[in-house]
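Taking it in order: structure first as structure tokens, then the write-up.
Residue numbers (the UniProt record's numbering): 1 to 294.
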């Protein structure tokens, strides 16, 4: 994936209120932990019921000034999402409001509550911010087996991390949740979920997550038109990442039963299908996963 030399977002900040939590991290092959690790369970659910929820004040942050590769990469990818979504919203006659992204180490507080690195990347609608512990890029490879172009690139600094485009997929998926918030979809899902059974609420969560995957695909296609950033193997890398994080695959990896009523993100096949749909169309209109469900 080509990313060097492009504008970096000014909306990336670093947390100065975190610290390592005793017992934090994945803590072994436990399915609940793995589900938290991958893109976060529904943010409101994960942060309200997770082991690190504390409900304190917001973490103190400051502009990200580090010149390390991860920070610069995140800035460029977030800027790319800003460019694409501004364009898409403008085409629809509206204005895109850019989200913030906070890089944290170990623990962070948000408007949705407090979370640790075990929560994984997540988007909080309450403060319209994406939260990312960059150690997740290592976990993607080591715990989930998601690799990519860097494994053969000679880039020793990133030898143990997932490929660049797999990492960009993570960020663009979370930004997809921000788009859902701006469009009012998140609010509709939350309201509908309060009025149905847990199994039905889980189904709504799946539809919401699959739409975020589709939005990530739309972003990738539109960004390719804009800056031709994709290289050979990048699409396969993202599709492989989507396939690795399906609820069914994670359940089997954790040694548990595959129970569709407990799914919150969708099967591997569904995640690949919806990411691919957005990628092929470049059109948000193709991302209606709900089809009258709300």
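For every residue, glycine included, the Cβ atom is placed at its ideal position computed from N, Cα and C.
Everything numeric in this text was worked out from a predicted model, so none of it was measured.
Cβ-based burial, residue i [other Cβ within 10 Å; buried from 16]
i: residue 15; result: buried
i: residue 199; result: exposed
i: residue 133; result: buried
i: residue 278; result: buried
i: residue 217; result: buried
i: residue 345; result: Residue coverage of the chain in this structure runs from 1 to 294, which leaves residue 345 outside it and unanswerable.
i: residue 119; result: buried
i: residue 7; result: exposed
i: residue 271; result: buried
i: residue 187; result: exposed
i: residue 39; result: Confidence at residue 39 is low in this model, with a pLDDT of 41, below 50, so its placement is unreliable and the value that follows should be read with caution. Buried.
Check whether residue i and residue j have beta carbons under 8 Å apart
i: residue 75; j: residue 229; result: no
i: residue 163; j: residue 212; result: no
i: residue 181; j: residue 121; result: no
i: residue 135; j: residue 78; result: no
i: residue 204; j: residue 220; result: no
i: residue 123; j: residue 174; result: yes
i: residue 106; j: residue 116; result: yes
i: residue 131; j: residue 102; result: yes
i: residue 80; j: residue 202; result: no
i: residue 165; j: residue 234; result: yes
Among the options, the one whose alpha carbon lies nearest that of residue i
i: residue 84; options: 289, 288, 284, 291; result: 284
i: residue 179; options: 66, 286, 267, 96; result: 96
i: residue 99; options: 109, 86, 5, 274; result: 86
i: residue 89; options: 206, 183, 167; result: 183
Bridge partner(s) assigned by DSSP for residue i
i: residue 181; result: In DSSP, residue 181 forms no bridge with anything.
i: residue 172; result: According to DSSP, residue 172 bridges with nothing at all.
i: residue 133; result: 104
i: residue 125; result: According to DSSP, residue 125 bridges with nothing at all.
i: residue 115; result: 108
i: residue 62; result: 14
Distance between residue j and residue i (C-alpha atoms, nearest Å)
i: residue 72; j: residue 195; result: 43 Å
i: residue 11; j: residue 138; result: 23 Å
i: residue 129; j: residue 232; result: 32 Å
i: residue 127; j: residue 240; result: 31 Å
i: residue 237; j: residue 266; result: 19 Å
i: residue 189; j: residue 70; result: 33 Å
i: residue 214; j: residue 268; result: 14 Å
i: residue 290; j: residue 209; result: 11 Å
i: residue 104; j: residue 13; result: 9 Å
i: residue 282; j: residue 276; result: 10 Å
i: residue 287; j: residue 274; result: 7 Å
i: residue 65; j: residue 197; result: 46 Å
i: residue 151; j: residue 185; result: Confidence at residue 151 is low in this model, with a pLDDT of 43, below 50, so the placement of that residue is unreliable and no value is reported for it.
i: residue 61; j: residue 93; result: 33 Å
i: residue 226; j: residue 4; result: 15 Å
i: residue 309; j: residue 169; result: The chain is shown from 1 up to 294; residue 309 falls before or after that span and cannot be answered.
i: residue 207; j: residue 82; result: 24 Å
i: residue 63; j: residue 108; result: 15 Å
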